[in-house]
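K.L.:
Before I ask anything, here is the structure I am working with.
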Amino acid sequence: MSARVGSANVGVIVFPGTNSEEETVRACRAVGLEADAVHWNAPLDVVREYSAYILPGGFAYEDRVRAGAIAAHDRLMTAVREGAAAGKPVLGICNGAQVLLETGLVPGFAGASGPQAGFARNAPSGKFRSTHVYVKLTIPPERCTITAALKPNAVIPAWASHGEGRLAGGAATLARIAAGDHLAFVYSDARGNASEAVVPNGSALGAAGLVNAAGNVLALMPHPERDAWTFNHHDASREAARGDAAAMLKPSGGIALFESFAQAVRQWS
Amino acid sequence: MQTLGVLGVGEAALVSSLREHGLALKADEMQTIAARLGRDPTLVECHAFDAQWSEHCSYKSSRVHLGRVPTEGPDVILGPGQDAGIVRLGAWQGESYGIVVAHESHNHPSQVVPFEGAATGVGGIVRDVLCMGARVIGLADPLRFGPLDDSHSRYVAQGVVDGIAAYGNAIGVPTIAGDVFFGDGFRDNCLVNVVALGLVKEKDVIHSRAPAGSAGWDIVLVGKATDRSGFGGAAFSSLVLDDADAQANKSAVQVPDPFLKNVIMRASYRAFDVIRELGLTVGFKDLGAGGIMGCTAELVASGGFGARINLDLCPTTQPDLPAAVIAVGETQERLTWVVPPSFTSRLLQIYNEEFSLPEIAQGAQAAVIGRVTEETEYVLTRYGEEVMRVPIEFLTSGIKYDRPYAEPEPQIRTLTMLVPEDPGAAKVGAEWGAAELGHNSGRQAYHNFNTLVPFDDDLPYRILSHRDVCSRKIIYERYDSVVRGATSIPAGYADAGVLVPIPGSPLAMSLSLGGNPRYGAIDPALAAEHAVVEAVCNAAAVGARPLGLTDCLNFGNPENACDMGAFVASVNGLATAARELGLPFVSGNVSLYNQSANGNSIPPSAIVACVGGLGDVSRSVTPGFKGPAHQLYFIGEYTGALGGSVLADVAGLPPTNLPNIDYARLKKTLAALRNGIEAGLIYAIHDVSDGGIFTVIAEMAFATIDGARIGASVCLDARRDGIPLEIGEAGAYFGEHRGFIVEADRGFAELLAEDRLIGAVVGATHHRFDLRVGADVPVRTWKLDDLYESWSAPLRDFYEDVPA
Amino acid sequence: MVVTRCVETTLAIPDNEAATARATLTRLGIPLEALERADLYKIEVECKRESELLAALRGIETIFNPNKHRLAVRKTDRPDQGELWVEETAALESDGGTISVAGRALPGVRRLQRLVSWKLTAPGGDPASAATVARAASALLCNAAFQRAVFVR
C-alpha cells in the first residue's frame, strides 16, 4: 500500500467498491510500468508521488447519489486533480471515466467548474450490459498524450460492461465536445466502421471516450484491460495461437492503449 | 427468562404453541429436545434448534441417501463436509493450486422476493468460497422459471436476473456460466441455484472449523450489523409455499449489500496474506442458515469444542433486539473467525481501520463476540444471563429421518409403441434413403414417424425459437462475465465458461452445468445420470478434463413418498454416472419442499456442475466455425429415444422413454475428442443437447468469429450412420443424441477410423450463410439470417420489453 | 377522472447512501443537520383504480419490500421547502395500453415518472433554505448535464 514510488510509477486508485484494480495493475505491468493499487486510506503525500493515475472500473462508493459522484469528491482526488493540472497522464476506465466526468476534469471546458457532461443510464434498456465492443480513435493521436503512440484511426477491442455509459449533455455541450476534439473514441466495428448499430448504450455522438482540453486526461467507458491478452480474444488471433501456450499468454488487443499510456507516463516522468 | 412449555404439555397444545412462536419444528422433535435437556427449552433454544434441525441445515431427510455418491478421487483436495469442496487444478512455479467450488440454492426466497432472493443467493455462495481462504474467481447460475405467459413467472424471471446482475457485478466476480429452462412445473416454485468458484494454493486452505488447541481463542464476527431481516430463514426455506406464507415470509428474506461484500472480500484477502505471513492456523466460516448461532456452533463443534458467546457484544442496528433474533437471524454479509488472542487486535484493525468497514456501512465492523471453550456445551448469554446452554453435539448433529419412499416408475413407453403401424402412413412423408433400407419393420416405423412429425420447412424455426433452445444472450449480457480480466471464454460463448486464473500460467479451468427438467419429469434416475453426463460433455466441448462435480438436488416434499422416491432415484442416478465416469462429488446442496400449497411439486431437478481443468489454455476450443471447407463430424451415439426432447415438446408427443447412456461408448467419444485436440486437428466443438444436431450446427454458425459468414451442409444417413429408424428424419436432425458436432481437419477421420463406431463425417462448412440439409439435389436450404432471428428473438423481446 | 398521486418510498433500515451524501456535502462546505432520501413515483391514475394501484406497487419488491421500505402517499405532488427532487428519465406515458414496471402491470396508470427526493434539514432543525438546496444540488446531488433539479425557489 505504501510501496516505494519509482519514477514511471502508476497509482491505480482503489475506492471502496472498485473491482477492476487487479487487471488494471496487471495491464500496466505488462507494458513495463510499475503500478500499485492505491487504497482509499493511503496518505495523500504518498499518492502525490505517482507519475500518473488510473481510476479503474467498479462501483466506487456503491454509485451512491450517481455513478462517480461521491468518488469525484474523495480525499484522494485532490492528488489526482493536482496531477492532472500539472500534466500527469490520468486515465479513467468505466467507473473511473464516470468519476472524471463528475469532477469536471473531462471535458474540462475553460472556465467551467463542476460537471459539464455525464454518463447517464444506458438507453433504451436502462440496464447494465456487458458486451464485447471495438472503439476507434477519432482524434489525431497526438491530440491526447495517452493516445499519442497509437496509429491514426486505431481500433481497439474492449468490453463495455456498465449500466451508465450513455454520454449525455445539452446540445451546446455536445456540439462543443465534437468541435473541440474532445471526442477521443467512438464505438465501431472491428474494421473501424462507426454506426448506431454498434453503440451498446445509446451514447450521444456514439461516444466511448472523451479527452480533456489539455490532452492528458482520458475518460474511456469500455475496458481494454479485459481484452488485453490473446486468451481473452475471440477473433483470428486466438485461432492463430491454438496449441501455442506462449502466444496465448501474450498481451495483445486492448493492451495497445496501455502501451501508448506507458509512453505518456515515461515522457512525463 | 421465557421458556416454551413442552414437558407435560399435551400434543395439541404443543402444536399450537409451536405455531404461535413461528417454529417449524414438529411436536415430537421438540419433545426429544426437552427430554434430552431435562427441562423446558428457552425460547432462544427453541429458535436455535428450529434452525439447526431444519431440513436446510440438517439434511434430515436426505442424509441417509447422500452417502451413496462417490466423493473421493485423485484430484480431490477437500470433499463434502465443509462450506465448499476443493479440486486440484495443477502446479505452477512449484505451488499446487486448488479450485474451490460451492453450489447452493435460493429457491424459496427467490419465488417470494426475486431480486433480493437471487442477490442474497449469490452473496451466500460467495462467502462459502471466501471462507476457505480463497480468492473468489467465478460464478454460475442455473435457473428454472415458470412459463413467460404467466405474469408472476415473468416477474420472477425479471427480478432474479436483475438480482444476480446487481450482486455479481458489484462484487467484481465474473459470471462465466449459466443455464435457463422454462416450464409449467416451475410456476409456483422457481429454482435459483448458484455456483461459486475460488482459487487457493493447496497449502493455504483455511478450514471452517476451530483448529486443534484453540480452546480459549477469540470468536470474531465480521460484517454487517445484525438487524431484524432474515429471521426464520432456515425454517422458511423448508416450508411449502402458499400465498399467505409468501407475504408473511418476505421478512425472512435477507437484505443484500454487495458493496459491503466487495470491501469485506478485499479486507479478508488482506487478512489471508497476514495470516500466511505469520504462519497462523485459524478457522473461518460464513454465516448462513441459523445466523450467529448456526455458524459458531458448527465452527467449534467440528473442532470438538464448545463456545460461549455474549450476544451483547454482537453489533446490532438497534438496541434491545430480542436475543433469539441476534442468535439466529440471517442478516447478510457476515463471517466468523476463530483466531488466537494474540492476533485479534491485528484482525480487527484490518477490517475496522485499514478497510474502514464502519465508515462504509453504518454499524458494519469486526468485533469479538465470544470464545472457544474446552467444555462441549454451547452457551449464549444476554444481559449477563444464560439464554441458551445445550450439549453442542446434540445441537449440531441434528436428526436423521429415513422417510418412506415410492420408487418412481420411469416412463418406458417407446416411440414404436407410440406410433401404431398404419399401412396408409407408409405412402406419406419424405423419402430418405428408404428404398435402400433392408428391413421392413424399421422402414415402416420410419414412415410412420415421418407422418406423425414431418421434417417440414417450418420445423427448424419452431425448434430454434423454443423457450429452452433460443438465445440466452440478453440474459448473459446482464452479467459481467469478464471482470478480473481472467476470462478466456465468457458465459454464453461456449458449452462451458473458461478462466485462466493464475496470471502468467497456461493452466485454465472450466465450469459447466447439466440438468434437464424435461428429462427429470420422465425418469428421475436416468435424468440425474444425464445431468452428470451433460455437465461432463460440456466441459469436454471446450477441451477440459473433468476434475470434480457438485450437485444441487431440488425436489418436492420429502414427506410425500413419490417426491421422496424421485429424490432417492436421482441420488442413485448421480452415483451411477459419477462411478462410471470415475468422478467425485466434492460439494453439494439439497433443496426440498419445492412444492406449492395446492400440492404441485417441481419436476425432479438434480442440477450438476462440473469443474474441468486444462493444462494449457491454448488447447481450449470454442464452438464457432473457424473456416469454410472444414469437415463436420458427429461423434457419439445416435438415440432411438425422443423422450424429453425439444422435438417431442414441439410436436406435442406424449412422454416416451429417455435416451440410454452407453458409458463405454461415451468414454471412447471423450477420448477421441481429447486426442483430436491434442493432435491439433479440431477447430470447433459443440455438445449436442436441446434441439439436436440441426440446432447445434446452426449455433456453431451463429458463433463464427470476426463476423465471417460461414454456413454448413449436413446429411445424416440412417444406414451409414446407424441412426435408429423409428425416430424418422425429424428425429435424426432434432433428436438429442449424446455426442458432439466437431469441425475438424480430414486427419480427424483417420483418428476416428480406428473405431468406426464413434463417429463419422456428416457435413462440411461453406462460404455461404445458409444451412443445407440432405444429399439429394436440390438440397433443402435455410438462410442462417432467418434462423438467427428466430433463435434470438424470444428472450430478447421478453427482456427488452420491460421498462427498467 | 384522472388524479395525480405522488407515492414515496423511504428506507426503514439505515440509509448508507444518504449518510455518505451528507458527509460529502459537509466536506464541500454545506453542513446539514439531516439528509433523507426517498424514491418518488409521480403517477397519473384513474380515480377509481387508485387503491388497486397502491396494492400493485406494494407487490413490487424493488419498489416496496416491507423488510426495508416504508411507502406513503404524499399530500402534494410538489416538493416542500427544503426538498430537492431530481429528475433524470422521461415519464412513461400510456398510449392506451398498460404501463408496467419490473414486469408488473400498473392498473389505471396513464403516466408515471420516477424521481429521487432529497430532504435537507439545516443545522438547527429547520428545512434548508432555497439557496442551500440550490448549492447542494449543483455541488453533488444533481448533474445538470442530464438531470433536472426541482425545488421551491
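From first to last, the protein sequence lines stand for chains A, B and C.
Position in the first sequence (from 1) plus 1188 gives the number in this note's numbering.
Position in the second sequence (from 1) plus 1 gives the number in this note's numbering.
Position in the third sequence (from 1) plus 33 gives the number in this note's numbering.
Using N, Cα and C, we set each Cβ at its ideal position, and we do this for glycine too.
For alanine 1257 of chain A, would you say it is in contact with chain C, using Cβ-to-Cβ distances shorter than 8 Å as the test?
P.N.:
Counted from its first residue, the first sequence places residue 1257 of chain A at position 69. At least one chain C Cβ lies under 8 Å of alanine 1257 of chain A.
K.L.:
How many Å lie between glutamate 376 of chain B and phenylalanine 306 of chain B at the Cα?
P.N.:
Locating residue 376 of chain B in the second sequence gives position 375, where the first residue counts as 1. Locating residue 306 of chain B in the second sequence gives position 305, where the first residue counts as 1. Separation of glutamate 376 of chain B and phenylalanine 306 of chain B (C-alpha to C-alpha, rounded to the nearest whole angstrom) is 7 Å.
K.L.:
Is there a C-beta anywhere in chain B that falls below 8 Å from the one on leucine 1289 of chain A?
P.N.:
Residue numbering aside, residue 1289 of chain A sits at position 101 when the first sequence is read from its first letter. Chain B contact via Cβ: absent.
K.L.:
With 16 other CB atoms within 10 Å as the buried threshold, where does alanine 497 of chain B fall?
P.N.:
Indexing the second sequence from 1 puts residue 497 of chain B at position 496. With 16 or more Cβ atoms within 10 Å of its Cβ, alanine 497 of chain B is classed as buried.
K.L.:
Mind pulling the alpha helix (DSSP H) runs of 4 or more residues that sit fully within the segment 698 to 757 of chain B?
P.N.:
Fully enclosed alpha helix (DSSP H) runs of 4 or longer: 719 to 722, 729 to 735 and 748 to 754.
K.L.:
Which parts of the segment 1247 to 1304 of chain A are runs of the alpha helix (DSSP H), unbroken and 4 residues or longer, counting only runs that do not cross its ends?
P.N.:
If we require 4 residues or more, the alpha helix (DSSP H) runs fully inside the segment 1247 to 1304 of chain A come out as 1265 to 1274 and 1283 to 1291.
K.L.:
Can you give the Cα-Cα distance for histidine 768 of chain B and glycine 628 of chain B, rounded to whole angstroms?
P.N.:
Residue mapping note: residue 768 of chain B aligns to position 767 of the second sequence, counting from 1. Residue mapping note: residue 628 of chain B aligns to position 627 of the second sequence, counting from 1. Each residue's alpha carbon lies about 8 Å from the other.
K.L.:
Just to confirm, are histidine 1421 of chain A and serine 1208 of chain A a CB contact at a threshold of 8 Å?
P.N.:
Indexing the first sequence from 1 puts residue 1421 of chain A at position 233. Indexing the first sequence from 1 puts residue 1208 of chain A at position 20. No, the pair does not count as a contact, with Cβ atoms beyond the cut-off.
K.L.:
Around the C-beta of alanine 1395 of chain A, are 16 or more other C-beta atoms found within 10 angstroms, so that it is buried, or is it exposed?
P.N.:
Here residue 1395 of chain A corresponds to residue number 207 of the first sequence, with the count starting at 1. Result: buried.
K.L.:
What number of angstroms, rounded off, separates the C-alpha of valine 1453 of chain A from the C-alpha of glutamate 1222 of chain A?
P.N.:
Here residue 1453 of chain A refers to the residue found at position 265 when the first sequence is read from its first residue. Here residue 1222 of chain A refers to the residue found at position 34 when the first sequence is read from its first residue. Each residue's alpha carbon lies about 10 Å from the other.
K.L.:
If we require 3 or more residues per run, which beta strand (DSSP E) segments fall completely within the segment 89 to 155 of chain B?
P.N.:
96 to 106 and 136 to 146
K.L.:
So is alanine 49 of chain B buried or exposed if we call it buried at 16+ other beta carbons inside 10 Å?
P.N.:
On the second sequence, position 48 is the one that residue 49 of chain B refers to. By the 10 Å Cβ count, alanine 49 of chain B comes out buried.
K.L.:
By alpha-carbon positions, which one of A:Lys1276, A:Glu1384 and A:Met1409 ends up nearest to alanine 1285 of chain A?
P.N.:
As a position in the first sequence, residue 1285 of chain A is number 97, starting the count at 1. Selected option, being the one with the closest Cα: A:Met1409.
K.L.:
Output needed for alanine 324 of chain B: all residues of its chain with C-beta closer than 6 Å, excluding positions within five of it in sequence on either side, in chain order.
P.N.:
Counting from one through the second sequence, the residue named residue 324 of chain B turns up at place 323. Within the same chain, alanine 324 of chain B has close Cβ partners Val45, Leu312, Arg383 and Val388.
K.L.:
Below 8 Å between beta carbons: does that hold for serine 592 of chain B and glycine 521 of chain B?
P.N.:
As a position in the second sequence, residue 592 of chain B is number 591, starting the count at 1. As a position in the second sequence, residue 521 of chain B is number 520, starting the count at 1. No, they are not a contact pair.
K.L.:
Do alanine 103 of chain B and aspartate 76 of chain B come within 8 Å of each other at the CB atom, strictly closer than that value?
P.N.:
Sequence index remark: in the second sequence, residue 76 of chain B carries index 75 (1-based). Sequence index remark: in the second sequence, residue 103 of chain B carries index 102 (1-based). For the 8 Å CB-CB criterion, aspartate 76 of chain B and alanine 103 of chain B do not form a contact.
K.L.:
Give the straight-line distance between the Cα atoms of glycine 1292 of chain A and serine 111 of chain B, rounded to the nearest whole angstrom.
P.N.:
Here residue 1292 of chain A corresponds to residue number 104 of the first sequence, with the count starting at 1. Here residue 111 of chain B corresponds to residue number 110 of the second sequence, with the count starting at 1. Going by the C-alpha atoms only, they are around 41 Å apart.
K.L.:
In three-state terms, what does DSSP make of proline 1345 of chain A?
P.N.:
Translated into the one-based positions of the first sequence, residue 1345 of chain A becomes position 157. DSSP places proline 1345 of chain A in strand when its eight states are reduced to three.
K.L.:
I want to verify the contact list: residues of chain C whose CB lies under 9 Å from the CB of aspartate 150 of chain B, in sequence order.
P.N.:
Numbered from its first residue, the second sequence carries residue 150 of chain B at position 149. Here the premise fails: no neighbours, minimum Cβ distance about 12 Å.
K.L.:
Which class does aspartate 110 of chain C belong to by DSSP, given the choice of helix, strand or coil?
P.N.:
The sequence position of residue 110 of chain C within the third sequence is 77, counting from 1. Shown here, aspartate 110 of chain C sits in coil according to DSSP, grouped into three states, outside any helix or strand.
K.L.:
Does valine 181 of chain B come within less than 8 Å of chain C when only Cβ atoms are used?
P.N.:
By one-based count along the second sequence, residue 181 of chain B stands at place 180. Answer no: the Cβ-Cβ gap between valine 181 of chain B and chain C never drops below 8 Å.
K.L.:
CB-CB under 8 Å to arginine 168 of chain C, same chain, minus the five flanking residues each way: which ones, in chain order?
P.N.:
Counted from its first residue, the third sequence places residue 168 of chain C at position 135. Here the set comprises Ile63.
K.L.:
Taking 8 Å as the CB-CB cut-off, is tyrosine 156 of chain B touching chain C?
P.N.:
Position 155 of the second sequence, counting from 1, holds the residue named residue 156 of chain B. Yes, tyrosine 156 of chain B lies at the interface with chain C (some Cβ there is under 8 Å from its Cβ).
K.L.:
Which one or two residues does DSSP pair with aspartate 219 of chain B in a beta bridge?
P.N.:
As a working note, residue 219 of chain B is residue 218 in the second sequence. Note: aspartate 219 of chain B sits in a beta bridge opposite B:Val340 and B:Arg372.
K.L.:
Spell out the partners DSSP gives serine 602 of chain B in its beta bridges.
P.N.:
Sequence index remark: in the second sequence, residue 602 of chain B carries index 601 (1-based). According to DSSP, serine 602 of chain B bridges with B:Gln596.
K.L.:
List the residues of chain B whose Cβ lies closer than 8 Å to the Cβ of threonine 136 of chain C, in chain order.
P.N.:
Here residue 136 of chain C refers to the residue found at position 103 when the third sequence is read from its first residue. The displayed chain sequence assigns glycine, not threonine, to residue 136 of chain C. In chain order: Ser152, Arg155, Tyr156, Ala158, Gln159, Gly160 and Val803.
K.L.:
Measuring alpha carbon to alpha carbon, tell me which residue in A:Ala1257, A:Lys1276 and A:Val1219 is nearest leucine 58 of chain C.
P.N.:
Translated into positions along the third sequence, residue 58 of chain C becomes position 25. Per the Cα distances, A:Ala1257.
K.L.:
Rank B:Phe183, B:Ile413, B:Gly217 and B:Ala673 by C-alpha distance to the C-alpha of alanine 308 of chain B and give the top, closest one.
P.N.:
Taking the second sequence and counting its residues from 1, the one referred to as residue 308 of chain B is at position 307. Nearest C-alpha to alanine 308 of chain B: B:Gly217.
K.L.:
Expressed to the nearest angstrom, what Euclidean distance is found between the alpha-carbon atoms of threonine 640 of chain B and glycine 82 of chain B?
P.N.:
Locating residue 640 of chain B in the second sequence gives position 639, where the first residue counts as 1. Locating residue 82 of chain B in the second sequence gives position 81, where the first residue counts as 1. Each residue's Cα considered, the two are about 38 Å apart.
K.L.:
Give the C-beta separation of cysteine 39 of chain C and arginine 107 of chain C to the nearest angstrom, bearing in mind that I take them to be a contact with Cβ-Cβ under 8 Å.
P.N.:
Here residue 39 of chain C corresponds to residue number 6 of the third sequence, with the count starting at 1. Here residue 107 of chain C corresponds to residue number 74 of the third sequence, with the count starting at 1. Rounded, the Cβ-Cβ distance is 4 Å, consistent with contact.
K.L.:
Pull up the CB-CB distance for valine 206 of chain B and isoleucine 78 of chain B, whole angstroms please, since I reckon it's below 8 Å.
P.N.:
The residue labelled residue 206 of chain B in the question sits at position 205 within the second sequence. The residue labelled residue 78 of chain B in the question sits at position 77 within the second sequence. The Cβ separation is near 7 Å, so the contact holds.
K.L.:
Using only alpha-carbon positions, find the residue among B:Gly385, B:Glu378, B:Gly399 and B:Tyr406 that is nearest to isoleucine 393 of chain B.
P.N.:
Within the second sequence, numbered from 1, the residue matching residue 393 of chain B stands at position 392. Checking every option, the nearest Cα to that of isoleucine 393 of chain B belongs to B:Glu378.
K.L.:
Express the C-alpha separation of histidine 1350 of chain A and threonine 1266 of chain A in angstroms, rounding to a whole number.
P.N.:
Counting from 1 along the first sequence, the entry for residue 1266 of chain A is found at position 78. Counting from 1 along the first sequence, the entry for residue 1350 of chain A is found at position 162. Those two C-alpha atoms are separated by around 26 Å.
K.L.:
Inspect the CB distances between the segment 293 to 306 of chain B and the segment 49 to 64 of chain B and report whether three or more fall short of 8 Å.
P.N.:
At 8 Å Cβ cutoff, the stretches touch.
K.L.:
When burial is assigned at 16 or more other CB atoms within 10 Å of the CB, is glutamate 679 of chain B buried or exposed?
P.N.:
Here residue 679 of chain B is taken as the residue at index 678 of the second sequence, counted from 1. Per the 10 Å Cβ criterion, exposed.
K.L.:
Is DSSP giving isoleucine 1443 of chain A helix, strand or coil here?
P.N.:
Within the first sequence, residue 1443 of chain A is the residue found at index 255, counting from 1. Here isoleucine 1443 of chain A sits in helix by DSSP.
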